[in-house]
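Engineer:
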Amino acid sequence: MKVAEIYRRLPLIFFTLVLAGLLWSRALLSIAEALTLLYGLIAFKRNKTIQYKHIIIWSVAPILLFFLGAYQQPWHWDTFDYLLTLAAYPAAALFMNSLDAAQQKQIMHIWIGAVLLSLLYPLGWYVLHMKEAALRYGMGQSLPTFMDTDHVRYGLFVCSGFLLLLSNSVFQKKWQYLFTVLLGCTIVFLSVRTAWVALIIILLFHFAGSIRWYYFFAAILLFALACFAAYEWIPTIHQKINYSIYDWQMYRSNSYTPDFSDGARRTINHIAWQTIREQHQYNVGWNEVPFILNSSFHRQYPTAQLNYGWPFNQYLFWWLGSGFWGMLLFVSWLMYPSLIFSKKKNKAALSWTLVIAASCFAESTLNFQYGVWLHGWVIALVFCIAYRSNVL
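Per this note's numbering, the sequence shown runs over residues 358 to 749.
(1) Look at Q631 and L677 and say whether their C-beta atoms are less than 9 Å apart.
(2) State whether the segment 391 to 404 contacts the segment 361 to 372, with contact taken as three or more CB pairs (one from each stretch) at a distance under 8 Å.
(3) Under three-state DSSP, which class holds K462?
(4) Going by other Cβ atoms of all chains shown within 10 Å of its Cβ, with 16 needed for buried, is Q529 buried or exposed?
(5) Is the separation between the beta-carbon of N724 and that of Y439 shorter than 9 Å?
(6) Thinking C-alpha only, which one of L386, S618, R656 and C717 is nearest Y600?
(7) What does the Cβ neighbour count give for H433, buried or exposed, with the cut at 16 atoms within 10 Å?
(8) By the three-class DSSP mapping on this structure, what secondary structure does M504 have?
(9) The alpha helix (DSSP H) with I544 in it runs from where to where?
(10) Go ahead and label T393 buried or exposed: buried means 16 or more other beta carbons lie within 10 angstroms of its beta carbon, across all protein chains shown.
(11) Indicate whether A450 and G728 have their beta-carbon atoms separated by less than 9 Å.
(12) Are Y446 and W415 close, meaning C-beta to C-beta below 9 Å?
(13) So Y588 and I598 are in contact, right, with Cβ under 8 Å, and what is the actual spacing, rounded?
(14) Going by C-alpha to C-alpha distance, which of W675, A458, Y409 and Y744 sits closest to A427?
(15) Can you tell which of I413, S475, A661 and L456 has its C-alpha closest to the C-alpha of F372?
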């Protein structure tokens with residue numbers, strides 16, 4: 358095998374390692390992303406060109422924004438860890454910048470193949486443990502998944518595969534339709550609410566403007582009827598919705614009950630907002646956010662124990678850590694791709710930007726290695742594919 362052929366296959370090997378790390382090992386994911394960053398830098402040095410300047414600049418911006426919350430306190434390991442997590446953005450952008458159209462299509466094959474294979478675990482577990490699964494959903498839990506059983510981020514991972522299939526011609530038509538329907542139905546069945554929201558956003562932006570308005574509203578009506586039928590006939594959906602309603606009904610603002618996930622999230626986010634609005638404690642630095650949040654929490658609930666280090670809201674986290682202007686710059690960076698993509702009608706990139714932005718209202722999505730990966734790598738891939746298709 359010639360050296361040139363080996364070099365050409367290296368990106369596929371590295372990306373396979375990235376996906377293996379995403380599903381099974383954070384350590385492998387970090388190492389594999391470092392390899393993709395190194396490969397992207399070497400390719401840039403060899404070619405002396407940057408094809409996608411917009412996405413490269415966008416990918417470096419979070420590294421710079423990070424320092425808005427890093428100067429207030431001495432650095433700890435968590436500070437370096439957060440910085441390394443954000444380094445996934447330039448790694449993804451430089452790696453995708455180094456690939457040609459054929460390699461990008463092969464990347465999509467590997468990506469979608471990994472999504473489909475990963476479904477064997479939760480769906481297989483459900484088939485073998487139906488009674489236990491019913492109990493889990495009745496208690497507000499979900500099926501076990503890869504990605505350290507992080508069902509929210511895993512749900513978004515499945516949605517990323519659905520997005521790639523819906524917006525690109527990846528396989529032969531019959532397989533393309535089969536895999537698209539399979540992933541769409543699986544997203545509904547897994548009953549991860551963040552994934553439900555992502556699915557709705559992706560479908561809305563995919564069909565908006567491409568079909569006549571009366572067909573569009575007819576599709577919305579059919580979708581509503583399908584949701585009602587799914588609630589009545591699919592047990593995972595029925596139990597998830599019923600538990601969510603029960604969880605919200607049990608919420609009490611004067612007490613903290615960690616057993617109810619939605620109630621705990623509401624309480625913690627309310628504490629974070631009070632800390633900002635009433636105590637005027639913000640721009641404290643990333644390291645200080647857990648301490649400030651715990652102090653405010655124990656003032657209101659002195660006998661309760663808080664097991665979380667940040668609010669379940671990315672915007673509140675940035676406001677606490679870097680102040681109002683830091684949060685505003687973060688939002689501008691987060692939404693910037695949507696401004697470019699909406700002008701160029703890149704629906705895949707636009708919808709995924711809004712998916713991540715929506716998830717940040719209920720999760721600190723971009724504090725996690727998995728969340729940053731799902732944001733940066735999807736945006737980099739769909740941007741580069743659109744560029745080569747003369748959309749950008």
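Every residue, glycine too, gets a C-beta built ideally from N, C-alpha and C. These figures come from a predicted structure and were not determined experimentally.
Structural biologist: The short version:
(1) Within the sequence shown, residue 631 is the residue found at index 274, counting from 1. Within the sequence shown, residue 677 is the residue found at index 320, counting from 1. Cβ atoms of Q631 and L677: not closer than 9 Å.
(2) yes
(3) Stepping through the sequence shown from its first residue, residue 462 is reached at position 105. In the structure shown, K462 sits in a helix (DSSP, three-state: H, G or I).
(4) As a first step, residue 529 must be located in the sequence shown, where it is residue number 172. The residue in question, Q529, is exposed, as its Cβ has fewer than 16 Cβ neighbours within 10 Å.
(5) Here residue 724 is taken as the residue at index 367 of the sequence shown, counted from 1. Here residue 439 is taken as the residue at index 82 of the sequence shown, counted from 1. Closer than 9 Å, so yes.
(6) On the sequence shown, position 243 is the one that residue 600 refers to. Considering only alpha carbons, the answer is S618.
(7) Position 76 of the sequence shown, counting from 1, holds the residue named residue 433. With fewer than 16 other Cβ atoms within 10 Å, it is exposed.
(8) Walking along the sequence shown from the start, residue 504 turns up at place 147. Note: M504 maps to coil in three-state DSSP.
(9) Reading the sequence shown from its first residue, position 187 is the one you call residue 544. Here the alpha helix (DSSP H) through I544 covers K530 to L547.
(10) Taking the first residue of the sequence shown as 1, we reach residue 393 at position 36. Buried, because 16 or more other Cβ atoms sit within 10 Å of the Cβ of T393.
(11) Looking up residue 450 in the sequence shown gives position 93. Looking up residue 728 in the sequence shown gives position 371. No.
(12) By 1-based counting over the sequence shown, the position of residue 446 is 89. By 1-based counting over the sequence shown, the position of residue 415 is 58. In contact: Y446 and W415 (Cβ atoms closer than 9 Å).
(13) Counting from 1 along the sequence shown, the entry for residue 588 is found at position 231. Counting from 1 along the sequence shown, the entry for residue 598 is found at position 241. Contact flag correct, Cβ pair sits at about 6 Å.
(14) Residue mapping note: residue 427 aligns to position 70 of the sequence shown, counting from 1. Answer by Cα proximity: W675.
(15) Against the sequence shown, residue 372 aligns to sequence position 15. Nearest option by C-alpha distance: L456.
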